[in-house]
DNA sequence: GCCGACTTTTT
DNA sequence: AAAAGTCGG
């Protein structure tokens, strides 16, 4: 009798799961294991919204395994200790896991290899399943270990054929003698956003099918429309791996109208950021490119940061997006760009501050996508144009022309009709008194001057 | 080392 | 029209 352990990480699904399929094919018994990692719980990466979504995912994964005669084994603690103990208890020969890209995942893999080897067991690391094309699968012809610019990457990536998505195994036999453990209830998590989406592979597939039917074709035309909310909303499922990006690429390439190409391009952006992080794991905290910034600090910066977090900057479209984040644990992509630009360029606050706040709230909060997109906006990342600044008023007028999005999230401005809602400071004093809404905490020109001046001084210092 | 090209804009 | 440098072939 042979037994394998499958360690689930960011791949909480049964379909298109190479480690699970390999383990089922290799032996008589499989222990599907998820470890609630004590190190992650103690880190700044824990967040109630993701914890709640995760519990949905685990419950659904367990249900799917039970439909196949198996069950999920859940434990808490140090992931290496737990895997080692479970493997010993089940007398497993091998442990299967999908490769991860973050520094943490890479270190975890190294520790697992060592620990298991000491016991005479083997860790089988499968290609990353968090992306459609594995990090490192395509590299520039010059010999670098990763692409630093999106477009050449997209060209090479597009020529790759993502692996054919695997079917879910028909049956999974779990050995007796390994207790299942308890999947904690979602309802017990405190501080969860009211409008949080539900997790799990079933929920993900339902969302995918309805979106393919009614959203994908118009994606290219409407994905930037803030009130239209026409993005896929699949990001939390991609983060937790309840949907397979390889499957999504196959599906979108079957051409569901003009939106397919634009959507595939967005999927490539995920892969792009993951291959950058896999090669430069330190980019989760350090500037990918040093721009000699000296970000604002001290009490005045702290006050601005607080206003930004609460959605009280006085710039309606910024505040609306920040309130959406607090309310849903999610933010429209266009909103993410504009609030990030506002924090880093207009308020000239360190991108890490914003990235951390996003990680505390986003249900899809993902180290690769979040940190590297923040760096992109801040100008310290892979953008070769580090001075790009988004003007919140123009962004509001362009992507929320009638102010519908702003009024949806800012009840205090709900009575202010039309596009005037983007510039409440232009109202006459009498009218303005009717709205309990802050004056802008910074002038756009003032913010821009501060950013450019600081960058210039930093560059001169850097040349010395 | 040349040179074409570069998600997301602003004026 | 000018981004503002820098990547990648």
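Numbering (my numbering), first residue to last: -13 to 450. Glycine included, every Cβ here is placed at the ideal spot set by N, Cα and C. Please read all numbers here as calculations on a predicted model, not as lab measurements.
Rounded to whole angstroms, the separation of the alpha carbons of residue 305 and residue 8 is 48 Å. Nearest to residue 426 by alpha-carbon distance, out of 354, 297, 373 and 318, is 297. The shortest CA-to-CA distance from residue 239 to any of 341, 144 and 431 is the one to 144. Between the alpha carbons of residue 163 and residue 100 lies a gap of roughly 26 Å.
Residue environment for residue 279: buried (at least 16 other C-beta atoms within 10 angstroms of its C-beta). Inter-residue distance for residue 444 and residue 277 is about 8 Å (C-alpha atoms, whole angstroms). Distance from the CA atom of residue 282 to the CA atom of residue 332, rounded to whole angstroms, is 11 Å. For the pair residue 148 and residue 224, the Cα-to-Cα distance works out to about 16 Å. In the DSSP annotation of this structure, the continuous segment of the alpha helix (DSSP H) that includes residue 257 starts and ends at 245 to 265.
In the DSSP annotation of this structure, the continuous segment of the alpha helix (DSSP H) that includes residue 347 starts and ends at 337 to 347. Membership of residue 235 in the alpha helix (DSSP H) is indicated by the continuous run 231 to 239. The three-state reading of DSSP puts residue 39 in helix, counting H, G and I together. Within the model, the alpha-carbon separation for residue 26 versus residue 418 is close to 46 Å. Per DSSP, reduced to three states, the secondary structure at residue 132 is coil, with no helix or strand assignment. Contact between the region 373 to 386 and the region 406 to 420 is present, with at least three C-beta pairs closer than 8 Å. If you ignore the 5 residues before and after residue 355, its C-beta comes within less than 7 Å of the C-beta of 256 and 259, all in its own chain and listed in chain order.
With a cutoff of 8 Å on beta-carbon distance, residue -9 and residue 93 are scored as not near each other. In the structure shown, the three-state DSSP call for residue 437 is helix.
In the DSSP assignment, residue 109 falls within the unbroken beta strand (DSSP E) covering 108 to 112. Within the model, the alpha-carbon separation for residue 87 versus residue 402 is close to 47 Å. Unbroken beta strand (DSSP E) stretches of 3 residues or longer found wholly inside the region 34 to 95: 59 to 63 and 80 to 84, given in chain order. With contacts defined by Cβ atoms closer than 8 Å, residue 323 and residue 363 form a contacting pair.
Under a 10 Å Cβ-count criterion, residue 317 is classified as buried, with 16 or more other Cβ atoms of the shown protein chains found around its own Cβ. For residue 15, the enclosing beta strand (DSSP E) covers residues 15 to 23.
Nearest to residue 394 by C-alpha distance, out of 334, 315, 208 and 302, is 302. Counting other Cβ atoms within 10 Å of its Cβ, residue 286 stays below 16 and is therefore classed as exposed.
Residue 141 and residue 206 have their alpha carbons spaced roughly 19 Å apart. Per the coordinates, the alpha-carbon of residue 446 lies some 47 Å from the alpha-carbon of residue 181.
When C-beta atoms of the region 38 to 57 are compared with those of the region 116 to 132, fewer than three pairs fall below 8 Å, so the two segments do not count as touching.
DSSP, read as helix, strand or coil, puts residue -7 in strand.
By the CB criterion at 8 Å, residue 233 and residue 151 fall inside the cutoff. Here the region 65 to 84 makes contact with the region 102 to 110; the two share three or more CB pairs at distances below 8 Å. In the displayed model, residue 308 falls within a helix according to three-state DSSP.
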